[in-house]
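Top line first, the protein sequences correspond to chains A and B. Using our numbering, read the first sequence as starting at -6 and increasing by one per residue. Using our numbering, read the second sequence as starting at 162 and increasing by one per residue. Backbone N, C-alpha and C fix where the C-beta goes; we use that ideal spot for every residue, glycine too. Being a predicted model, the structure only gives us computed values, none of them experimental. Worksheet: the structure to be examined is printed underneath.
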Amino acid sequence: MIKIENVSKSYVKGKKSVDTLDLEIKDGEIFGFLGPNGAGKTTTIKMITGILNSDEGHILIDGKDIKKEGISAKKNIGFVPDTPDIFLKLKGIEYLNFMGDIYEVQADIRKRRIEELTKKFGIFDNLNEEMQSYSHGMRQKIVICGALLSNPKNWILDEPMTGLDPKASFDLKEMMRKHAKEGNCVFFSTHVLDVAEKLCDRVGIINKGKLIFVGTFEDMKAKLKDNGSLEDLFLEITQDE
Amino acid sequence: MNKKIFSLTKVLLKNSFQRYDNKKQRNKVATAILYIIVFGYVMALFGVFSFQIINTLKQINQESIFIGMFLMGVALFIIIQGMVSATNVFYFSRDLEYILPLPLKPREILISKLNVILITEYIVELLFAVVPIIIYGVLTAVGIQYYIISFLVLLIFPIIPLIISTIIIMIIMSFTKGAKNKDRFQLIVPILGIILAFAISFASTGSSDISEKEVLEKLLQANQMVELISDKFIILKPAINAIINSNILELLKLAIITIIGYLAFILIGSKIYFRGAIGNLSSGNKTKKKIKINSIKTRKIGKTYVIKEIKILFRNPIFFVQCVLPSVFMPILVLGIAIFTISSNESNDLQAITSILGSLVQSPIGMAVIIAVTEFMYSMLYIAPTAISRDGSNAIFMKYIPVSYYKQIIYKGIPNVIFGTITSIIILIFVYLVMRVSFVFLAICFVINLILIIIQTLLMELVDLKKPKLDWSTEYAVVKQNLNLLWPFVVGLLEIMVAFVIAIPLKNNSYFVFAGIFTIIHIIITYFINRYIYKKQNELFDKIM
């Protein structure tokens, strides 16, 4: 479970990039985080994962404060950043093994998970190559495999579909569904409304740092009809696709 | 110069320099002061060296020999440095895929790229070559004409050596089908350069005799070499004559040869450059070797982290060559020469000298000298001052994994301590071979060096954390134009000062007293730095986001 309580963050004094954000993503839920470019999506994700410190408020991961109990909170997070160019001089297998060591995944579980995940994404045969020779999509896949290796309870994914081929995208969506079904929590940001509609139990829309909508997609559609400004925003998000 | 070449040169130059943008005025002043100190130091070093040689040669009225040796040195340096630069600018700068679709003629790209290297060489000349030329001018009391002609020679002279090294690289590249394995190739060139430098120093150093007569003999021998080479290396003679005799005709000869060489370069370059370079665009190791899933081994977090750091350092040739090699190779070079000298000279005299040296060095001052040499080598070890910056945009990785920042600082510092210790061991082997000191003395030196490298590592990581350079697109930006890399030098100088400030008043005491005081002070310093890092670990990572 991810609990965000009154969280604010400013990069420049007097201008809040994220403004008193209040949000709770329950176990068993897939939550889509929408918003136009520069709305505060990545800043929020960076605060949830501990990359950035919030100026105000608290973020709890399974009840653990990311600021005060960072290490144990982070153990329950599987994070996929928006750029997959990580440690390109390592071979795919070395990267996954490294992630396995960092998250202390037992050898037998690790072997099984690596085989399972990389075969699913079709990169098993490339594991012995340096990641710099991978295409963008392959890098995205290996980073996803690394994040999911320890089977963390909370998945936090920043634009995870970018660069994935249709099959990998489909597989990832399936994995997200399965993970949520098992009582875990999936939080991801996206520009693609179609994905959000088909996948998410709930969505949140952020604009200029403020959360302006939280609810199901149906709620959103209903609200769009009688709320002009939300409709404008919807158009803006759609334009970004 | 045509407009296209001018703007392309400008863009390529900016790209290759990726200026370290300091917005704060205070930083700019501090930067300027730091640059002036370091450049001033290097220039003064060359100045003093030149002054001594010219003065020695003046005693036999042969001071003009200096110019020959000086120009040959410049040419050799440019050829070696040019090979490294040419490899990077012409083949590994990753800009060709953007330049090729532009409406530019091949020769325009070729000339612009050569210009970039040439401008870098001029900066190097400014550092190393201007002071010796001025000192020669002052000591031999020549007229203004000398300075004007020397300036013009320095402007024209580097072009031919640079063309030679570029053509060599182009030929190698086209033969090796664009050097498909970029990483290995980038390692080979600088190592070849170092071996060449080693060979030259090997040839010019036979023994460590220092009598003036023999120095003169050696200088004259060096001059014979210059004369021999100048017959083959056609620009050397006109350049020498132009400077020594302030001869405009010789200068003209140099200019004409250079123009011919330049035209030949454009002709040859347009034929062979693009073939090798285009093949190189698709670099990367494509060999497919299937993974054996059962070969996976688990490791402790600390061990796996350190191994990852070392792997990335070794597999990235730019990082390896710039951050590790100088500090490890330099002492090996000196050690090689020392072993050669000792093994080739088994006379009793030498043994007598080593035993005298041994007793001299086993003193507080001797220990301070060893510390000074080690610190100098440590100041070329750039693993710790780039520990965070080398990760670039990946640095945020450190913030979302479940490993404390303090532990990560320690893990990231360990490779610096390992390579520093290798450097220290090489130096101590050298000390043992030349001076036959006792093992107790060596062991104490080893411990002191270890404490020093730990302090240096922690301090340099702090420097990098305070001002990380994370936004880079080529690895060069991390190691070049990174002002943080001046700090190892500053800390090194401070440590050398501290060592001598403690050693000099204790010069009549046993080295144990010096070692005890020095060690205790440094253990206390290490404790406080470590405590600071532990307490401030979260704030220290604020810049990484």
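>> Rounded to the nearest angstrom, what separates T42 of chain A and T183 of chain A at their Cα positions?
In response: Along the first sequence, one-based indexing puts residue 42 of chain A at 49. Along the first sequence, one-based indexing puts residue 183 of chain A at 190. Each residue's alpha carbon lies about 17 Å from the other.
> Hey, would you say P576 of chain B sits closer than 9 Å to L474 of chain B, going by beta carbons?
Replying inline: Against the second sequence, residue 576 of chain B aligns to sequence position 415. Against the second sequence, residue 474 of chain B aligns to sequence position 313. In this structure, P576 of chain B lies near L474 of chain B, with their beta-carbon atoms less than 9 Å apart.
>> Here's a check: name, in chain order, each residue in its chain whose Cβ is nearer than 7 Å to the Cβ of G553 of chain B, leaving out the five neighbours to either side.
In response: As a first step, residue 553 of chain B must be located in the second sequence, where it is residue number 392. Result list for G553 of chain B: L631 and W633, in chain order.
>> To test your reading of the DSSP string, which unbroken beta strand (DSSP E) runs of 3 or more residues are found completely within the stretch 146 to 209 of chain A?
In response: Qualifying beta strand (DSSP E) stretches, in chain order: 147 to 151, 178 to 182, 195 to 200 and 203 to 208.
> Which residue spans inside the stretch 235 to 272 of chain B form an unbroken beta strand (DSSP E) run of at least 3?
Replying inline: Every candidate beta strand (DSSP E) stretch fails here, since none sits fully inside the stretch 235 to 272 of chain B while reaching 3 residues.
> For N30 of chain A, does the three-state DSSP call read helix, strand or coil?
Replying inline: On the first sequence, position 37 is the one that residue 30 of chain A refers to. In the three-state scheme derived from DSSP, where H, G and I count as helix and E and B as strand, N30 of chain A is classed as coil.
> Apart from the five residues just before and just after V188 of chain A, which ones in its own chain have a Cβ nearer than 7 Å to its Cβ?
Replying inline: For the purposes of this step, residue 188 of chain A is taken as residue 195 along the first sequence, with counting starting at 1. If we look at V188 of chain A and ignore the five residues flanking it on each side, its Cβ neighbours are M154.
>> For D118 of chain A, would you say it is in contact with chain B, using Cβ-to-Cβ distances shorter than 9 Å as the test?
In response: Stepping through the first sequence from its first residue, residue 118 of chain A is reached at position 125. Put simply, the CB of D118 of chain A is near chain B, with a gap under 9 Å to one of its CB atoms.
>> Per the DSSP calculation, S456 of chain B is bridged to which residue(s)?
In response: For this step, residue 456 of chain B is matched to residue 295 along the second sequence. As computed with DSSP, S456 of chain B is found in no beta bridge at all.
> Run through DSSP, which three-state label would T125 of chain B get?
Replying inline: Residue 125 of chain B lies beyond the residue range present for chain B, which begins at 162 and ends at 706; the question has no answer from this structure.
>> Along the stretch 248 to 282 of chain B, where does the CB come closer than 7 Å to a CB of chain A? Name the residues.
In response: Answer in chain order: no residues at all.
>> Can you tell me whether L279 of chain B sits near the ligand HEM, meaning its C-beta is under 8 Å from at least one heavy atom of the ligand?
In response: What this structure holds is no ligand at all, so the ligand HEM is not there to describe.
>> I need the straight-line Cα distance from G242 of chain A to G63 of chain A, nearest angstrom please.
In response: Outside the modelled stretch of chain A, which goes from -6 to 234, sits residue 242 of chain A, for which no answer is possible.
> According to DSSP, what are the bridge partners of D58 of chain A?
Replying inline: Start at 1 with the first residue of the first sequence, and residue 58 of chain A comes out as number 65. A:L53.
> If R268 of chain B sits next to S407 of chain B, beta carbons under 8 Å apart, how far is it from one beta carbon to the other, in whole angstroms?
Replying inline: In the second sequence, counting from the first residue as 1, residue 268 of chain B sits at position 107. In the second sequence, counting from the first residue as 1, residue 407 of chain B sits at position 246. The beta-carbon separation of R268 of chain B and S407 of chain B, rounded to 35 Å, does not stay under the 8 Å limit for a contact.
>> Comparing C-alpha positions only, which one of A:G139, A:E109 and A:D158 sits nearest to E87 of chain A?
In response: If you number the first sequence from 1, residue 87 of chain A lands on position 94. A check of alpha carbon separations from E87 of chain A across A:G139, A:E109 and A:D158 identifies A:G139 as the nearest.
> G(-2) of chain A by DSSP, collapsed to three states: which one?
Replying inline: Taking the first sequence and counting its residues from 1, the one referred to as residue -2 of chain A is at position 5. It is Glu, not Gly, that sits at residue -2 of chain A in the sequence shown. DSSP, read as helix, strand or coil, puts E(-2) of chain A in strand.
>> Once the 5 residues before and after V564 of chain B are set aside, which same chain residues still bring their CB inside 7 Å of it?
In response: Counted from its first residue, the second sequence places residue 564 of chain B at position 403. Listed in chain order, the non-local C-beta contacts of V564 of chain B below 7 Å within the same chain comprise I462, local neighbours out to five positions each way being set aside.
>> Below 9 Å on C-beta distance, what does S565 of chain B contact in chain A?
In response: Looking up residue 565 of chain B in the second sequence gives position 404. The contacting residues are G63 and I64.
> So what does F72 of chain A bridge to, in DSSP terms?
Replying inline: Translated into the one-based positions of the first sequence, residue 72 of chain A becomes position 79. Beta-bridge pairing links F72 of chain A to A:I149.
> Is there a Cβ from chain A that is less than 9 Å from the Cβ of S780 of chain B?
Replying inline: As displayed, chain B neither begins before 162 nor continues past 706, which places residue 780 of chain B out of reach and without an answer.
>> Cβ closer than 9 Å: which chain A residues qualify as neighbours of K704 of chain B?
In response: Numbered from 1 along the second sequence, position 543 holds the residue referred to as residue 704 of chain B. The premise fails here: K704 of chain B is roughly 12 Å from chain A at the closest Cβ pair, so nothing lies under 9 Å.
> Below 9 Å between beta carbons: does that hold for L204 of chain A and L14 of chain A?
Replying inline: Stepping through the first sequence from its first residue, residue 204 of chain A is reached at position 211. Stepping through the first sequence from its first residue, residue 14 of chain A is reached at position 21. A contact, by the Cβ cut-off of 9 Å.
>> Rounded to the nearest angstrom, what separates I95 of chain A and L192 of chain A at their Cα positions?
In response: As a first step, residue 95 of chain A is located in the first sequence; it is residue number 102 there, counting from the start. As a first step, residue 192 of chain A is located in the first sequence; it is residue number 199 there, counting from the start. Spanning the two alpha carbons is a distance of roughly 30 Å.
> Counting Cβ pairs closer than 8 Å, one from the stretch 533 to 544 of chain B and one from the stretch 578 to 591 of chain B, do we hit at least three?
Replying inline: Verdict: yes, contact present.
>> Counting only Cβ pairs nearer than 7 Å, list the residues of chain B close to D94 of chain A.
In response: The residue labelled residue 94 of chain A in the question sits at position 101 within the first sequence. Chain B residues near D94 of chain A: T459, R460, I462 and T465.
> When DSSP labels each residue in this structure, what does I198 of chain B get in the three-state scheme?
Replying inline: Reading the second sequence from its first residue, position 37 is the one you call residue 198 of chain B. Note: I198 of chain B maps to helix in three-state DSSP.
> Short check: CB of P74 of chain A to CB of R132 of chain A, under 9 Å?
Replying inline: One-based indexing of the first sequence puts residue 74 of chain A at position 81. One-based indexing of the first sequence puts residue 132 of chain A at position 139. Contact flag unset, no.
> Listing by chain order, which chain B residues have their CB less than 9 Å from the CB of A100 of chain A?
Replying inline: Start at 1 with the first residue of the first sequence, and residue 100 of chain A comes out as number 107. The contacting residues are I457, K458 and T459.
>> Please return the same chain residues whose Cβ sits closer than 6 Å to the Cβ of E536 of chain B, not counting the five positions on each side in sequence.
In response: Locating residue 536 of chain B in the second sequence gives position 375, where the first residue counts as 1. The beta carbon of E536 of chain B sits closer than 6 Å to those of G653, E656 and I657, all from its chain and outside the five residues before and after it, given in chain order.
> Based on the DSSP secondary-structure assignment, which residues constitute the bridge partners of G21 of chain A?
Replying inline: Start at 1 with the first residue of the first sequence, and residue 21 of chain A comes out as number 28. Under DSSP, G21 of chain A forms no beta bridge with any residue.
> Should I52 of chain A and I149 of chain A be called a contact, given that it needs their Cβ atoms to be closer than 9 Å?
Replying inline: Position 59 of the first sequence, counted from the start, is the residue given in the question as residue 52 of chain A. Position 156 of the first sequence, counted from the start, is the residue given in the question as residue 149 of chain A. Taking 9 Å as the Cβ cut-off, I52 of chain A and I149 of chain A do not qualify as a contacting pair.
> Which value, in whole angstroms, describes the spacing of the CA atoms of D625 of chain B and K696 of chain B?
Replying inline: Here residue 625 of chain B is taken as the residue at index 464 of the second sequence, counted from 1. Here residue 696 of chain B is taken as the residue at index 535 of the second sequence, counted from 1. Between D625 of chain B and K696 of chain B, the C-alpha separation is close to 17 Å.
> By DSSP, does V564 of chain B sit in helix, in strand, or in coil?
Replying inline: Position 403 of the second sequence, counted from the start, is the residue given in the question as residue 564 of chain B. It is coil, neither helix nor strand.
> Going by beta carbon distance, what residues of the same chain come within less than 7 Å of G234 of chain B, once the five residues before and after it are set aside?
Replying inline: For this step, residue 234 of chain B is matched to residue 73 along the second sequence. Excluding positions up to five away in sequence, the list is empty.
> Is F238 of chain B near F200 of chain B, with beta carbons less than 9 Å apart?
Replying inline: The residue given as residue 238 of chain B occupies position 77 in the second sequence. The residue given as residue 200 of chain B occupies position 39 in the second sequence. Taking 9 Å as the cut-off, the beta carbon of F238 of chain B is found no closer than this to the beta carbon of F200 of chain B.
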